[in-house]
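Report on the structure given below.
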Amino acid sequence: PHLYARQQASLVELRAQAPAPAMLRAAVVFAGHPRTFLTTPAVRQNVIDGVDALCATIKCDVFAVVAKTDGSLFPNAAPHAEACAEDVVDAFRNLRNAAVGRVVSAEDPHPDWRRDDCEADRRPDLNYGRELAHARAAWALVREAEDGFLYDVVVRLRFDVVWARAPPSLVDVLVPASNDIV
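When we follow our numbering, the leftmost residue of the sequence shown carries the number 40, and every step to the right adds one.
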């Protein structure tokens, strides 16, 4: 009973310190090549609906670093069209619950990493370097946008995320309910 009472007191203290939902701010960040996001309407709508659900009860800004090339390590028999930031901004216009922040295009940070033959080239998968470079560039957009305030949460999503069910509102994640275990 004594430990339980301390846990309850901590939970009440946590709730007392949590900011009001109207004051919470979130950044939703995308980074990478938006292959299926731009070419498959069902995927695009699923992503948009998911972001709208996340941002239903909290002020959200959406940022993106759009890789111009698909980043394949090997020559692609059916290469995806070169992506551009304007196409992504146009798709984000359908967001109801989030504002579109900066969306920029990015060159391939490591074009020399392309390989011609998997069997002959046994280097480790170098695609992670591209992903990290794009994520770092996206994080820089968020840091620049903060300008005197800090986001309460930053969520990084892929352009091809497919939600099996609607995600929770971010306010439900940031401000725990009385029956949540913290």
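For each residue, glycine too, the CB sits at the ideal point set by N, CA and C.
(request) Have a look at residue 93 and residue 210 and give me their C-alpha separation to the nearest angstrom. (result) Cα-Cα distance, rounded: 8 Å.
(request) Provide the residue(s) that pair with residue 195 in DSSP beta bridges, ordered along the chain. (result) Residue pairing for residue 195: DSSP places it in a beta bridge opposite 68.
(request) State buried or exposed for residue 71, treating a residue as buried only when at least 16 other CB atoms are found within 10 Å of its CB. (result) buried
(message) Measuring alpha carbon to alpha carbon, tell me which residue in 179, 134, 98 is nearest residue 85.
(response) 134
(request) State yes or no: is the C-beta of residue 198 within less than 8 Å of the C-beta of residue 102? (result) no
(request) Have a look at residue 172 and residue 139 and give me their C-alpha separation to the nearest angstrom. (result) Looking at the two C-alpha atoms, the distance is approximately 22 Å.
(message) Tell me the rounded alpha-carbon separation between residue 64 and residue 130.
(response) For residue 64 and residue 130, the distance between alpha carbons rounds to 22 Å.
(message) Once the 5 residues before and after residue 99 are set aside, which same chain residues still bring their CB inside 8 Å of it?
(response) 64, 65, 66, 67, 90, 93, 136, 137, 138, 209
(message) Assuming contact is defined by CB atoms lying nearer than 8 Å, are residue 122 and residue 105 in contact in what I supplied?
(response) It is a contact, given that the beta carbons lie within the stated cut-off.
(request) Have a look at 196, 207, 212 and flag the residue whose alpha-carbon is nearest the alpha-carbon of residue 83. (result) The option with the nearest alpha carbon to residue 83 is 196.
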